[in-house]
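Structure first, then comments.
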Amino acid sequence: MTSHKGLSVIGAGLLWAMIAVPALAQDGDQPPADAEVHDQLRALRDQAVTAFKERDIDALLECLTDDVTVVVQNGELYQGHQGVREFHQEMSEGDDRKVQSQTTDFKTDELSLLYGEDTATAHGTIEDHFVLSRGMEFDLFSRWTATLVKEGDQWKVAVFHVSTDMFDNGVMDQLMWWNAIKVGAIALLAGIIVALVLTKMFGKKSPAGENA
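According to mature numbering (1 follows the signal peptide of the UniProt record, and there is no 0), the residues represented by the sequence shown are -25 to -1, 1 to 187, in order.
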């Protein structure tokens, strides 16, 4: 349960990263015939980066299709603008927000792949550093894939999926460390109790010993 909640928290930052990352894949050389398409994708990138820096959820939603699908590391799925907005509010807004601060390094593996005139895919990596409101702090390495579609004359993100190594990630490292502390504390407490009991049992002199 704890690991599930921990992985859920990191999705808050990914809602900001989901647009900036695929658009970053547009830098580099491309055939002249595709130059206009990549310019449009760069425009999407610029809009997303501005929203990311300003934490402007409304500007972010303008970069998404109305029925966008987002899947974060723990497998939770969020669909549509309302789903994205509610998740963002829970994780990153107000006094009860779960994420206190976050730094993110976006990387892409290669240029986006174009499929016809209205569909593109991109993939890469994300390296995050999270500080949660409850004090937990960790690094997380993830891989992402995205599908972008052209609606009218504007490119938008339709699908964003991100995953991490379930056996080797920052959340699991923190949980293992915390569990080790709990086990150690329990063992120490048990040792103290046993020592007190033994001291009480064997520290008393028997009546025969007292009369000798």
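Glycine included, C-beta positions come from ideal geometry on N, C-alpha and C.
- Between the region 109 to 129 and the region 20 to 36 there are fewer than three C-beta pairs closer than 8 Å, too few to call the two in contact.
- Annotated three-state conformation of L39 is strand, per DSSP.
- The shortest C-alpha to C-alpha distance from D140 to any of Q15, D9, R118 and T78 is the one to R118.
- By the Cβ rule, the region 93 to 100 counts as touching the region 121 to 139, because three or more pairs are nearer than 8 Å.
- Judged by beta-carbon spacing, Q54 lies within the 8 Å limit of T44, meaning their Cβ atoms are closer than that value.
- Straight-line spacing of the CA atoms in E61 and E51 works out to 13 Å.
- DSSP, reduced to helix, strand and coil, places S67 within a helical segment of the structure shown.
- Taking the C-beta atoms as reference points, D84 is found no nearer than 8 Å to E102.
- In this structure, the beta-carbon distance from Q48 to W130 does not fall below 8 Å.
- Distances from the CA of K28 to each of T78, A10 and H136 were compared; the closest alpha carbon is that of T78.
- Judged by DSSP secondary structure, L88 falls outside any alpha helix (DSSP H) and instead within the beta strand (DSSP E) spanning L88 to Y90.
- In the three-state scheme derived from DSSP, where H, G and I count as helix and E and B as strand, E85 is classed as coil.
- Annotated as distal: V137 and L89, with beta-carbon spacing of 8 Å or more.
- One thing to note: T25 has its Cβ no nearer than 8 Å to the Cβ of V132.
- Taking all protein chains in view, the Cβ of A10 is surrounded by fewer than 16 other Cβ atoms within 10 Å, so the residue is classified as exposed.
- It is roughly 19 Å from the alpha-carbon of D128 to the alpha-carbon of V134.
- Distance from the CA of F116 to the CA of V59, rounded to the nearest whole angstrom, comes to 22 Å.
- Between H63 and L107, the alpha-carbon positions lie close to 14 Å from each other.
- Distance from the CA atom of I167 to the CA atom of T174, rounded to whole angstroms, is 10 Å.
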